[in-house]
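Residue numbers (our numbering), protein chains in the order written: chain S, 19 to 114; chain B, 1333 to 2076.
Glycine is no exception: its CB is placed at the ideal position from the N, C-alpha and C atoms.
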């Protein structure tokens, strides 16, 4: 647990980003900044295919009753991501 | 090739689209000697299949892509005397993420060289869809962009400017609302125009983003063009090779590249020396080092950036959204923590109730017809033709009777269950169920969509296994395949209900009997669900640990399904498919059942020897030899377990007065006589409990085993799916028998 926090802190320093997609609550919007280097291969490609590319506007639409996964409105589509995936996507605040 | 009628000057009436639409002749499966090949590509959930149906009609040829477990549909139509064959490509979000579907779609456009490629897009999600459109146009310019669902978009205050979009993309753009065939005539005309044109395939110019990338790309492009001057998409090829595209590198190694030339429409001789291609590959490998590390990401971002620019110009927002948003309202109910699960539970309970209750009458009618009417008729026919007793026994009492049993028990519930399932699927509700349930499945290492394949398994495990194709992550798909057997299929419900009614219901006062026996059946079904989670968890943490996994789930907008179309398609694709496989396996099973009960060795039938041989082991499991023999010969279909058990009891106890009773076991007044028969055969409460458990936990039927092999193409996983449940079943029943006897 503690180790994970350190690992994440370290990555924040490297990638220079703090806000992650999984921290938004339903109704909030943000721009995608980048996808973490942790997420590679088909998983990264799939996220990009679904529209999670830098610059895209994303809005949290709803959470599953168990609070995970969460459905995001992106480029018109409604895409459900698990928390672990959303935590690998860095965001910057949307100017409302 | 026939002349083009489009521009001929006829009377006004003949020129109007309504008249011209009559020139469309949907030919369904009759796809021989087509003049032109049309490929249909697009994102999932864009109404691609509605376009396909609008062009070709409902009768289509469905199968798999050669050697792949990805569905392929073909249909055809005639328009202005030209015959077109339409091939429905798998729905994909992109062409580069190397999933099987994407590889198939891309390779077909690249190597199959369709005369026209229609790229179906969803007007309400145009920007994301343009990502695929741009990727497609980089391969072929003989394309049409079909912006579908404009009716849905209009409701959301979105209009698409086809002219602007067409100008920016460089290919024709047609607006359609395929549900009511709006725009289909325009689409047909556009198809014809491109099909008959002799313009060579061109590729869309690929805009570079930075010199860092464009320098190596141009360098490789020059090398490719030197070898293949006629290649329309050499730059695209260079980009893909530098991106380490495995399937293209393979194609290059096999010398398939020459097929990409425009003149290669006829069969191409592989006259390209492999040496040439190795040069290209070598150069590509060297140039890869010069590329930035995020080369791949930059490529995707470039396409999206362009898509965003184009979409912005083409989309006209009226801002007049309807005040009441139905999707939002429905999601508030279906996803709500308060109502989500109760609604789901009630809906599924209703579905099962309707399946079981609704199937009773047609099942009984079919049974009456096939067994009580046709069977004696066949027997007397055989007598009239002087068939020897063994031939009429083997064919009519063996093969025919078993098949008749399977059809009458299986067909009605499936013809009710599958259409309901497909309707919920098309409506958009089932993805929401997957969304609601994902957390539970995630904890077991599985995919939320497994809930859909599990539901399907309650109808038929073979169909459930095929349905796992919707899970695009290899590991989670395997888990769903292996555990599907723990959803009690339609062939096992009758066993559960019958045994629970006779043995469990009898334990309580008559007015509670119905409720208690139903609860017993529900408990067994829920135990199956529990086992699904436990086994999924076990598999994902042991043998499947290293398999690749990726999660994604799109929640499409709610759409009112086309009722009759859905009904027709689900009966053709699912019900008849499964029924046919079951019949194929029931025929030999019937033959075997008849043979073992009619061939005698040493004065006793083979069945007698088998039962006595298996009796000790059966006792150990709290079952008996009869049940085990029934499960062995009834591997092809669970439906015939109970009839086989009854037949064996009659055969071995010599209860001759029951020989005709097989025809009436569905009627409630004979439940008692049936119970008497089973008790005669040595059935106790322990036998009943363990039979219900064993019916849940045993190997899949042979239809399902065969389907698992076809879907996984792996002997190993087929074996795991077969033996894991049977071993588990032996352990569970033996343990219960032991505890039961210790307490007795």
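Worksheet item: Which of the three DSSP states, helix, strand or coil, is assigned to residue 45 of chain S?
Response: Counting from 1 along the first chain, the entry for residue 45 of chain S is found at position 27. Looking at residue 45 of chain S - three-state DSSP - the assignment turns out to be coil, as it is neither helix nor strand.
Worksheet item: Counting pairs of Cβ atoms below 8 Å between the segment 2030-2040 of chain B and the segment 2057-2066 of chain B, do you hit three or more?
Response: In this structure the segment 2030-2040 of chain B touches the segment 2057-2066 of chain B; the number of beta carbon pairs closer than 8 Å is three or more.
Discussion item. For residue 1369 of chain B, tell me which candidate among B/1413, B/1418, B/1391 and B/1795 has the shortest Cα-Cα distance.
Written reply: The count along the second chain starts at 1 and reaches residue 1369 of chain B at position 37. When only C-alpha atoms are compared, the closest one is B/1418.
Worksheet item: Among S/82, S/44 and S/112, which residue has its Cα nearest to the Cα of residue 1671 of chain B?
Response: Within the second chain, numbered from 1, the residue matching residue 1671 of chain B stands at position 339. Measuring from the Cα of residue 1671 of chain B, the nearest candidate turns out to be S/82.
Worksheet item: Out of S/84, S/90 and S/67, which has the shortest C-alpha to C-alpha gap to residue 179 of chain S?
Response: Since the first residue shown for chain S is 19 and the last is 114, residue 179 of chain S is missing from the structure and cannot be characterised.
Worksheet item: Taking DSSP as the reference, what is the three-state secondary structure of residue 2022 of chain B?
Response: Sequence index remark: in the second chain, residue 2022 of chain B carries index 690 (1-based). When DSSP states are grouped into helix, strand and coil, residue 2022 of chain B belongs to the helix group.
Item to complete: Going by CA-CA distance only, name the one from S/78, S/86 and S/93 that's closest to residue 1883 of chain B.
Response: As a working mapping, residue 1883 of chain B is identified with position 551 in the second chain. That would be S/86, whose Cα lies nearest to the Cα of residue 1883 of chain B.
Fill in: Cross-chain neighbours of residue 110 of chain S in chain B, by beta carbon under 9 Å
The residue labelled residue 110 of chain S in the question sits at position 92 within the first chain. Residues of chain B with a Cβ closer than 9 Å to the Cβ of residue 110 of chain S do not exist; the shortest Cβ-Cβ separation is about 16 Å.
Worksheet item: Which class does residue 2109 of chain B belong to by DSSP, given the choice of helix, strand or coil?
Response: The structure shown does not extend to residue 2109 of chain B, since chain B spans only 1333 to 2076, so no value can be given for it.
Worksheet item: Which residues, in chain order, does the segment 89-101 of chain S contribute to contact with chain B at a C-beta distance below 8 Å?
Response: Per Cβ criterion, the list reads 89, 92, 93, 94, 95, 96, 97, 98, 99 and 100.
Worksheet item: Along the chain, which unbroken stretches of the alpha helix (DSSP H) at least 4 residues long are found entirely within the segment 1886-1960 of chain B?
Response: For the segment 1886-1960 of chain B, whole alpha helix (DSSP H) runs of length 4 or above, ordered along the chain, are 1895-1902, 1909-1930 and 1938-1952.
Fill in: Minimum Cβ-Cβ distance from residue 73 of chain S to chain B less than 9 Å
In the first chain, the residue the question calls residue 73 of chain S occupies position 55. Interface residue, yes.
Worksheet item: Applying the criterion that 16 or more other CB atoms from any shown protein chain within 10 Å of the CB defines a buried residue, is residue 1716 of chain B buried or exposed?
Response: Sequence index remark: in the second chain, residue 1716 of chain B carries index 384 (1-based). Classification for residue 1716 of chain B: exposed.
Practice prompt. Mind reading off the beta-carbon distance from residue 2069 of chain B to residue 1952 of chain B? Whole number of angstroms is fine, and I expect it under 8 Å.
Written response: Numbered from 1 along the second chain, position 737 holds the residue referred to as residue 2069 of chain B. Numbered from 1 along the second chain, position 620 holds the residue referred to as residue 1952 of chain B. That pair is a contact at about 7 Å.
Worksheet entry | Neighbourhood of residue 1709 of chain B by C-beta distance below 6 Å, restricted to the same chain and skipping five residues each side | What you label residue 1709 of chain B is simply residue 377 of the second chain in a count that begins at 1. Short of 6 Å from the beta carbon of residue 1709 of chain B, and not among the five residues preceding or following it, lies no beta carbon of its own chain.
Discussion item. Counting only beta-carbon separations shorter than 9 Å, does residue 49 of chain S have a partner in chain B?
Written reply: If you number the first chain from 1, residue 49 of chain S lands on position 31. Closer than 9 Å: no.
Practice prompt. Label residue 1721 of chain B either buried or exposed according to how many other C-beta atoms from any shown protein chain fall within 10 Å of its C-beta, with 16 as the threshold for buried.
Written response: What you label residue 1721 of chain B is simply residue 389 of the second chain in a count that begins at 1. Classification of residue 1721 of chain B: exposed, given that the 10 Å Cβ count is below 16.
Worksheet item: Is the shortest distance between the beta-carbon of residue 56 of chain S and the beta-carbons of chain B less than 9 Å?
Response: Numbered from 1 along the first chain, position 38 holds the residue referred to as residue 56 of chain S. Not closer than 9 Å to any Cβ of chain B, the Cβ of residue 56 of chain S fails to qualify, so no.
Discussion item. Using C-beta distances below 8 Å, list every residue in its chain close to residue 1503 of chain B, excluding the 5 sequence neighbours before and after it, in chain order.
Written reply: By 1-based counting over the second chain, the position of residue 1503 of chain B is 171. Listed in chain order, the non-local C-beta contacts of residue 1503 of chain B below 8 Å within the same chain comprise 1469, 1473, 1475, 1476 and 1477, local neighbours out to five positions each way being set aside.
Discussion item. Check whether the segment 1748-1766 of chain B and the segment 1695-1704 of chain B are in contact - that is, three or more C-beta pairs closer than 8 Å.
Written reply: Fewer than three pairs of CB atoms, one per stretch, sit closer than 8 Å, so the segment 1748-1766 of chain B makes no contact with the segment 1695-1704 of chain B.
Practice prompt. Check whether the segment 1769-1776 of chain B touches the segment 1723-1732 of chain B, taking contact to mean three or more Cβ pairs, one atom from each stretch, closer than 8 Å.
Written response: With a cut-off of 8 Å, the segment 1723-1732 of chain B and the segment 1769-1776 of chain B do not count as touching, because too few Cβ pairs lie within range.
Practice prompt. Can you say whether residue 1731 of chain B is buried or exposed, counting buried as having 16 or more other CB atoms within 10 angstroms of its CB?
Written response: Counting from 1 along the second chain, the entry for residue 1731 of chain B is found at position 399. Residue environment: residue 1731 of chain B is assigned as buried (16 or more neighbouring CB atoms within 10 Å of its CB, all protein chains considered).
Fill in: residue 1928 of chain B vs residue 2013 of chain B beta-carbon contact at 9 Å
Start at 1 with the first residue of the second chain, and residue 1928 of chain B comes out as number 596. Start at 1 with the first residue of the second chain, and residue 2013 of chain B comes out as number 681. In terms of Cβ geometry, residue 1928 of chain B and residue 2013 of chain B do not form a close pair [threshold 9 Å].
Item to complete: Compare the C-alpha of residue 1399 of chain B against each of B/1706, B/1576, B/2005 and B/2046 and name the closest.
Response: Mapped onto the second chain, residue 1399 of chain B falls at position 67. Comparing alpha-carbon positions, the option among B/1706, B/1576, B/2005 and B/2046 lying closest to residue 1399 of chain B turns out to be B/2046.
Practice prompt. Anything in chain S within Cβ reach of residue 2079 of chain B, meaning under 9 Å, just list it in chain order.
Written response: Here chain B covers residues 1333 to 2076 and nothing more, so residue 2079 of chain B does not appear.
Worksheet item: Could you give the residue range of the beta strand (DSSP E) that holds residue 79 of chain S?
Response: Numbered from 1 along the first chain, position 61 holds the residue referred to as residue 79 of chain S. Going by DSSP, residue 79 of chain S is part of the beta strand (DSSP E) stretching over 75-81.
Item to complete: Return yes when the Cβ of residue 38 of chain S is within less than 9 Å of the Cβ of residue 71 of chain S, no when it is not.
Response: Working through the first chain from its first residue, we reach residue 71 of chain S at position 53. Working through the first chain from its first residue, we reach residue 38 of chain S at position 20. Not closer than 9 Å, so no.
Item to complete: Measure from the C-beta of residue 1892 of chain B to each C-beta in chain S and report whether the shortest distance is under 9 Å.
Response: Along the second chain, read from residue 1 onward, the residue named residue 1892 of chain B stands at position 560. Against chain S, the CB of residue 1892 of chain B has no partner CB under 9 Å away; the residue lies outside that interface.
Item to complete: Take residue 1853 of chain B and list the residues in its own chain whose beta-carbon comes closer than 7 Å to its own, dropping the five residues that flank it on each side.
Response: Residue mapping note: residue 1853 of chain B aligns to position 521 of the second chain, counting from 1. For residue 1853 of chain B, same chain residues with a beta-carbon under 7 Å away, outside a window of 5 residues either side, are 1828, 1829 and 1832 in chain order.
Worksheet item: Are the Cβ atoms of residue 1822 of chain B and residue 1790 of chain B separated by less than 9 Å?
Response: Locating residue 1822 of chain B in the second chain gives position 490, where the first residue counts as 1. Locating residue 1790 of chain B in the second chain gives position 458, where the first residue counts as 1. In this structure, residue 1822 of chain B places its C-beta atom within 9 Å of the C-beta atom of residue 1790 of chain B.
Practice prompt. Look up residue 1562 of chain B in the DSSP assignment and give the residues it is bridged to.
Written response: Your numbering for residue 1562 of chain B matches position 230 in the second chain. Beta bridge pairing from DSSP links residue 1562 of chain B with no other residue.
Worksheet item: Beta-carbon of residue 60 of chain S versus every beta-carbon of chain B: anything under 9 Å?
Response: Taking the first residue of the first chain as position 1, residue 60 of chain S is located at position 42. Taking a beta-carbon distance threshold of 9 Å, residue 60 of chain S counts as an interface residue toward chain B.
Practice prompt. Can you give me the Cβ contacts of residue 1331 of chain B inside the same chain, cut-off strictly under 6 Å, excluding the 5 residues immediately before and after it?
Written response: Residue 1331 of chain B lies beyond the stretch modelled for chain B, which goes from 1333 to 2076, so this question has no answer here.
Discussion item. If distances are taken between C-alpha atoms only, which option among B/1971, B/1484 and B/1434 comes closest to residue 1911 of chain B?
Written reply: Your numbering for residue 1911 of chain B matches position 579 in the second chain. Measuring from the Cα of residue 1911 of chain B, the nearest candidate turns out to be B/1971.
Item to complete: Starting from residue 103 of chain S, find everything on chain B with Cβ-Cβ shorter than 8 Å and list it in chain order.
Response: Along the first chain, read from residue 1 onward, the residue named residue 103 of chain S stands at position 85. Within chain B, the residues placing a beta-carbon under 8 Å from that of residue 103 of chain S are 1883, ordered along the chain.
Worksheet entry | Cβ separation of residue 1421 of chain B and residue 1642 of chain B, assumed to be a contact under 8 Å, to the nearest whole Å | As a position in the second chain, residue 1421 of chain B is number 89, starting the count at 1. As a position in the second chain, residue 1642 of chain B is number 310, starting the count at 1. With a Cβ gap of about 22 Å, residue 1421 of chain B and residue 1642 of chain B do not count as contacting.
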